[in-house]
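Start counting at 1 in the sequence shown, then tack on 543, and there's your number in the working numbering. We put the CB at the ideal spot given by N, CA and C, even for glycine. Predicted model only: the values in this text are computed from it and were never measured. Reading through the structure tokens given below for one structure.
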Amino acid sequence: MILTKRGAAKAASASIACSELSTPTKPLGPQLAMSSIKAVQTFGKKKTATAVAHAREGKGLIRINGSPIHLLQPEQLRFKVYEGILVAGEDSFQGIDIRVRVKGGGHTSQVYAIRQAIAKAVVAYYAKYYDAYSAMELKKKLVAYDRTLLIADPRRMEPKKFGGHGARARRQKSYR
Numbered sequence: 544m545i546l547t548k549r550g551a552a553k554a555a556s557a558s559i560a561c562s563e564l565s566t567p568t569k570p571l572g573p574q575l576a577m578s579s580i581k582a583v584q585t586f587g588k589k590k591t592a593t594a595v596a597h598a599r600e601g602k603g604l605i606r607i608n609g610s611p612i613h614l615l616q617p618e619q620l621r622f623k624v625y626e627g628i629l630v631a632g633e634d635s636f637q638g639i640d641i642r643v644r645v646k647g648g649g650h651t652s653q654v655y656a657i658r659q660a661i662a663k664a665v666v667a668y669y670a671k672y673y674d675a676y677s678a679m680e681l682k683k684k685l686v687a688y689d690r691t692l693l694i695a696d697p698r699r700m701e702p703k704k705f706g707g708h709g710a711r712a713r714r715q716k717s718y719r
């Protein structure tokens with residue numbers, strides 16, 4: 544193979560670039576530390592609202608879109624989120640920090656998505672990092688109280704059709 548000056552320069556620069564890529568420039572310490580953190584990610588859905596919960600070991604803090612759970616608005620729906628926590632028992636949340644991000648839907652749908660994401664996160668955390676028996680007991684408690692804490696509601700809005708005011712309603716018809 545005959546190399547010209549230009550070809551030799553390209554080959555030399557390619558070998559330098561390859562050797563630069565193969566040597567790590569940053570220490571791998573923090574990346575290894577990140578993998579040792581106990582964490583799970585779950586989601587909850589209601590209509591078009593989606594809540595993603597990140598559960599990891601901590602002090603028992605629960606945050607929704609960056610703010611504490613006791614500041615959740617509207618106040619009447621805040622207790623719907625507390626239901627799963629109270630049914631499971633506050634002691635089961637002591638060593639777990641949960642961070643929830645929710646978007647889409649209205650206030651009520653978001654609250655139902657949040658409560659589902661939190662309940663699923665605790666069950667998944669227990670199943671992964673504790674024993675399977677305690678996870679199953681927790682799951683049984685939650686399902687016995689309210690099935691929608693762990694299982695998504697598949698109902699969706701049916702689109703409106705022409706010839707009426709809604710999806711199925713038709714205009715009134717007169718025979719006389």
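Which residues does DSSP pair with residue i in a beta bridge?
i      : result
Arg658 : None, per the DSSP bridge assignment.
Glu600 : Ile639
Ser610 : Ile607
Lys588 : Thr593
Ala582 : Arg599
Report the rounded CA-to-CA distance for residue i versus residue j, giving the unit in angstroms.
i      : j      : result
Leu604 : Thr691 : 23 Å
Tyr672 : Glu680 : 15 Å
Lys646 : Arg714 : 36 Å
Ile694 : Glu701 : 21 Å
Lys602 : Lys703 : 48 Å
Ala662 : Ser579 : 23 Å
His708 : Arg699 : 18 Å
Arg711 : Phe705 : 10 Å
Arg719 : Lys588 : 49 Å
Gly648 : Ser635 : 29 Å
Ser717 : Asn608 : 53 Å
Lys623 : Ala687 : 16 Å
Ala598 : Ala582 : 5 Å
Ile641 : Lys684 : 20 Å
Met544 : Thr585 : Residue confidence for Met544 is low, a pLDDT of 48 falling below 50, so the modelled location carries little weight and cannot support an answer.
Asp497 : Ala678 : One cannot answer for residue 497 here, as it falls past the ends of the chain, which runs 544 to 719.
Asp674 : Lys682 : 13 Å
Tyr625 : Pro611 : 12 Å
Leu614 : Tyr676 : 34 Å
Leu564 : Ala656 : Below a pLDDT of 50, predicted positions are generally treated as unreliable, and Leu564, at 49, falls in that range; no measurement from the model is reported.
Pro697 : Ala660 : 15 Å
Round the Cβ separation of residue i and residue j to the nearest angstrom and send it over; I've been treating them as touching at under 8 Å.
i      : j      : result
Gly638 : Glu600 : 6 Å
Gly627 : Arg606 : The Cβ separation is near 16 Å, so there is no contact.
Ala596 : Val630 : Wrong, their Cβ atoms sit about 17 Å apart, outside the cutoff.
At least 3 beta-carbon pairs within less than 8 Å: the region 602-619 vs the region 666-676: no
Three-pair Cβ contact test at 8 Å for the region 646-654 versus the region 575-595: yes
Length at least 3, wholly inside the region 613-688: the beta strand (DSSP E) runs in chain order: 639-646
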